[in-house]
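A.B. asks:
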Amino acid sequence: MRGFRWPPPPDGGPRTWGPGPGGPRTGRPALPEPETELVTTPHGVRLERLVTGTGDPVTVFAHGLGNGIAVTRPFGSGVTGRKVFFQFRGHGRSDAPDGPWNYLDLARDLRAIADLGGASRAFGASLGAGALCRLLAESPERFEKLVFFLPAVLAQPRGPVARERVTDLLEAVETGDASAVADVVSLELPTAVRNTPAGWSYLRQRLDQLLRDGLADGLATLPDQAPLRDATALSAVTAPALVIGCAGDDLHPVEVAEELAAALPQATLHVYDRPGVLWTERADLRERISSFLNE
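Here my numbering is used: the first residue of the sequence shown is 158, the next is one more, and so on.
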């Protein structure tokens with residue numbers, strides 16, 4: 158049976174168990190991460206930040222649970238103006254104040270980075286989409302344009318699959334065992350990608366960051382929470398919004414994307430027909446996001 162294994166082959170792989178060709182050996186290590194900075198927010202939490210691009214408008218990018226700057230940067234590749242990427246509390250080099258935390262805490266992180274960077278547009282992926290929803294419930298006119306990518310939760314907590322995945326990731330990172338972390342992170346990849354050069358590069362990048370910086374225990378309770386009590390809290394948001402969902406994604410149910418799009422008065426919903434869009438629809442995804450934000 159051909160399957161994922163860690164560590165990778167010394168020549169960069171990909172390789173699989175069993176007979177047959179190992180495939181092209183053109184895998185390359187992930188590119189070094191750009192130099193970031195720590196900024197102090199008005200609520201006293203230092204957050205890791207990266208600013209790229211020049212000019213206006215300014216877009217802030219909020220990542221998903223267990224992810225960070227490296228994962229959100231590709232979404233901004235075609236977006237004009239300055240791009241502000243950051244790490245929520247408990248991720249990367251950002252502070253990890255005493256937990257547990259809730260979506261209000263995450264919304265404060267997002268608001269602070271947006272205010273400090275002068276951002277007028279916002280992108281939120283998964284957990285970041287939830288934090289953005291919480292911010293908008295309190296300040297519906299804060300942004301001029303909005304993008305929600307694979308929203309995972311709105312007014313109901315996440316399901317058992319998400320809770321188990323978060324628990325497994327936190328426990329694996331706590332052990333410091335690269336193989337254990339790789340087993341969990343590899344589940345983020347479509348099966349067809351796991352033993353490809355692109356898959357190995359992604360895993361190396363994720364493992365380098367997770368094993369270097371870790372993840373805070375305060376993240377453990379977030380899957381049991383929801384950013385809003387009721388989706389009608391977003392009825393006052395008048396900014397144009399693009400909501401992107403995906404059918405068949407257990408961690409990001411398409412019903413959440415549909416509910417979010419219905420709750421936002423000026424939303425456009427696009428649903429991909431299969432999971433793994435970061436790998437199977439990357440060009441279309443980048444074009445869709447950049448076209449919406451740049452027009």
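Backbone N, C-alpha and C define an ideal beta-carbon position, used for all residues, glycine too.
Every value quoted in this text rests on a predicted model; they were computed, and no experiment measured them.
1) With DSSP as the reference, label Glu194 as helix, strand or coil.
2) Give, in chain order, every unbroken run of the beta strand (DSSP E) that is at least 3 residues long and sits entirely within the stretch 407-440.
3) Could you check what DSSP says for Phe449 in three-state terms: helix, strand or coil?
4) Does DSSP put Glu295 in a helix, in a strand, or in coil?
5) In terms of alpha-carbon separation, which member of Leu379, Phe245, Leu367 and Val304 lies closest to Arg320?
6) Would you tell me roughly how many angstroms separate the C-alpha atoms of Thr392 and Leu293, rounded to the nearest one?
7) If we count Cβ pairs, one from each stretch, closer than 8 Å, do we get three or more for the stretch 197-208 versus the stretch 231-242?
8) Name the one or two DSSP bridge partners that Cys403 has.
9) Just curious, the alpha helix (DSSP H) that Pro367 is in, first and last residue?
10) When DSSP labels each residue in this structure, what does Val330 get in the three-state scheme?
11) Going by alpha carbons, who is nearest to Pro317 out of Ala349, Ser251 and Pro410?
12) Roughly how many whole angstroms lie between the Cα atoms of Gly235 and Glu438?
13) Distance, Cα to Cα, Thr197 vs Arg246?
14) Quick check on the DSSP output: the alpha helix (DSSP H) that includes Ala337 runs from which residue to which?
15) Find the nearest neighbour of Glu345 within the set Asp365, Ser277, Phe305 and Val434, judged by alpha-carbon distance.
16) Going by DSSP, what residue range makes up the alpha helix (DSSP H) through Arg265?
17) Taking the alpha helix (DSSP H) that Thr378 belongs to, which residues open and close that run?
18) Using CA coordinates, which residue listed in Ala339, Ala264, Trp258 and Pro397 is at the minimum distance from Leu364?
19) I believe Ala337 touches Ala329 by the beta-carbon criterion, under 8 Å. Please report the beta-carbon distance rounded to the nearest angstrom.
20) Taking the beta carbon of His200 as the centre, do at least 16 other beta carbons fall within 10 Å, making it buried, or is it exposed?
21) Could you compute how far the alpha carbon of Glu192 sits from the alpha carbon of Asp407?
C.D. replies: Taking the coordinates as given:
1) Glu194: strand per DSSP, three-state reduction.
2) Segments of the beta strand (DSSP E) lying fully in the stretch 407-440: 424-429.
3) Reduced to three states, the DSSP call for Phe449 is helix.
4) Assignment of Glu295 by DSSP, reduced to helix, strand and coil, places it in the helix class.
5) Of the listed residues, the one whose Cα sits closest to Arg320 is Leu379.
6) Before going on, a small fix: residue 392 reads as Ser here, not Thr. In a straight line, the C-alpha of Ser392 is about 10 Å away from that of Leu293.
7) Proximity of the stretch 197-208 to the stretch 231-242 meets the contact definition, three or more beta-carbon pairs being nearer than 8 Å.
8) The secondary-structure analysis by DSSP pairs Cys403 across a beta bridge with Tyr429.
9) Rather than Pro, the amino acid found at residue 367 in this sequence is Leu. Per DSSP, Leu367 belongs to the alpha helix (DSSP H) from Pro354 to Asp370.
10) Of the three classes helix, strand and coil, the one that applies to Val330 here is helix, per DSSP.
11) Taking only the C-alpha atoms, the option nearest Pro317 is Pro410.
12) Going from the Cα of Gly235 to the Cα of Glu438 covers about 15 Å.
13) Here the alpha carbon of Thr197 sits roughly 12 Å from the alpha carbon of Arg246.
14) It spans Ala335 to Val342 - the alpha helix (DSSP H) in which Ala337 sits, taken as one unbroken run.
15) Out of Asp365, Ser277, Phe305 and Val434, Val434 has the C-alpha closest to the C-alpha of Glu345.
16) For Arg265, the enclosing alpha helix (DSSP H) starts and ends at Tyr260 to Gly274.
17) Looking at the DSSP string, Thr378 is not in any alpha helix (DSSP H), and its letter there is neither H nor E.
18) Among Ala339, Ala264, Trp258 and Pro397, the Cα nearest to that of Leu364 belongs to Ala339.
19) Sure, about 4 Å apart at Cβ, within 8 Å.
20) Classification for His200: exposed.
21) CA-CA distance, Glu192 to Asp407, rounds to 34 Å.
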